[in-house]
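What follows is a single structure, written as structure tokens, with notes after it.
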Amino acid sequence: MAALDGLPPLRDVIQRHGLDAKKALGQNFLLDLNLTQKIARTAGPLEDCTVIEVGPGPGGLTRAILALGAKKVIAVERDSRCLPALAEISDHYPGRLEVIEGDALKTDFAALADGGPTRIIANLPYNVGTQLLVNWLLPGGWPPFYRSMTLMFQKEVGLRIVAREDDDHYGRLGVLCGWRTNARMAFDVPPQAFTPPPKVTSTVVHLEPIATPLACDARALERVTQAAFGQRRKMLRQSLKPVGGEALLARAGIDPQRRAETLSVAEFVALANELE
Ligand code: SAM
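The sequence shown maps to residues 590 to 865 in the numbering used here.
Structure representation (structure tokens):
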């Protein structure tokens, strides 16, 4: 497919730089620039923004973000094989793409942001995606350094992110995301859109931080959700025993016969606030 940005087609880039996909690095590349533009557009206006991208790979999504006018892209990539391909993009957009070779799980993203409006956009490696999201959701201070996160996940994970009470996909991730963000699933991406195709459908999720979420200690919320959903079929008086059981439920005014999946985010916050 002819590229709108004047750079070579991604298939050629991959071939020239020998970027055959490595499963261990969660490499499923997007080669369709219409699709990468659709993902980048889902993030909202980019003109005045610094965009943080995890795992640019050969640079398909990176190119879309730059073509849509992002002031700057800071991209963290673990696979050094991708760096020469990314350097070509950097040359094409002088001063607008900074590539950091490293592990996103060990990166201090808040320190990378320059204090101006920042968005996170990424087609995440499936094996570290959930952990990265949790890291971005649970910094000490709030509001966080970013204005939004537009992230590709396996659809199953996307469903868990947006799930609320009385939904089979509701769990710890739904509570954490519901507490601090407004999250929505934007659109699905079928396996055949990727090279190589993964086994499952993917989905793009867009999350925006809530300016003033209910007051709560993040670690306490993690503890109650872990206990409650660790035994999700049991009544809360049983599943919450390790963190205070019936006494905790009484202090929070919650019926001990209920099950985890029926509690709203606000009720989990009430429980966390009653933890000793
Ligand atoms: N953004 C490209 C695209 O959309 O075609 C590639 C996405 S691919 C699903 C995930 C990318 O994340 C790969 O380039 C992989 O090398 C990189 N990656 C995997 N683990 C990583 C980590 N811990 N830190 C940074 N990048 C990582």
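Note that beta-carbon positions come from the ideal geometry of N, C-alpha and C, so glycine has one too.
Non-local C-beta neighbours of Leu650 in its own chain, meaning closer than 8 Å and more than five positions away in sequence, comprise Leu619, Thr625, Ile628, Ala629, Glu642, Ile710, Ala711, Asn712, ordered along the chain. In this structure, the C-beta of Met741 approaches the ligand SAM to less than 8 Å from one of its heavy atoms. A residue is called buried when at least 16 other Cβ atoms come within 10 angstroms of its Cβ; Gly842 does not meet this threshold and is exposed. For Val723, the enclosing alpha helix (DSSP H) starts and ends at 718–726. Secondary structure at Ser679: helix, using DSSP grouped into helix, strand and coil. When DSSP states are grouped into helix, strand and coil, Asp601 belongs to the helix group.
Within the region 776–826, complete alpha helix (DSSP H) segments of at least 4 residues are found at 807–819, given in chain order.
Between the region 768–777 and the region 683–699, the count of C-beta pairs closer than 8 Å stays below three; the two stretches do not touch. Buried is the label assigned to Ile603, since at least 16 other Cβ atoms lie within 10 Å of its Cβ. Per DSSP, the continuous beta strand (DSSP E) segment holding Asn712 begins and ends at 707–712. Annotation for Leu701 indicates a beta carbon at 8 Å or more from all heavy atoms of the ligand SAM. Each of Cys638, Tyr759, Leu622, Pro645 was checked against the Cα of Gly595, and the nearest Cα belongs to Leu622. Excluding sequence positions up to five before and after Thr739, its CB lies within less than 6 Å of the CB of Thr631, Ala632, Ile710, His795, all in the same chain and listed in chain order.
In this structure the region 783–802 touches the region 607–617; the number of beta carbon pairs closer than 8 Å is three or more.
The beta carbon of Cys766 sits no closer than 8 Å to any heavy atom of the ligand SAM.
Taking 8 Å as the cut-off, one finds at least one heavy atom of the ligand SAM near enough to the beta carbon of Pro645. Taking C-beta separations shorter than 6 Å and ignoring five residues to either side along the sequence, the partners of Cys766 in its chain run Ile750, Ala772, following chain order.
The bridge partners DSSP lists for Lys661 are Thr639.
Apart from the 5 residues on each side of it in sequence, Trp768 sits with its Cβ closer than 6 Å to the Cβ of Pro802, Val854 in its chain, given in chain order.
One thing to note: Arg685 has its Cβ within 9 Å of the Cβ of Val662.
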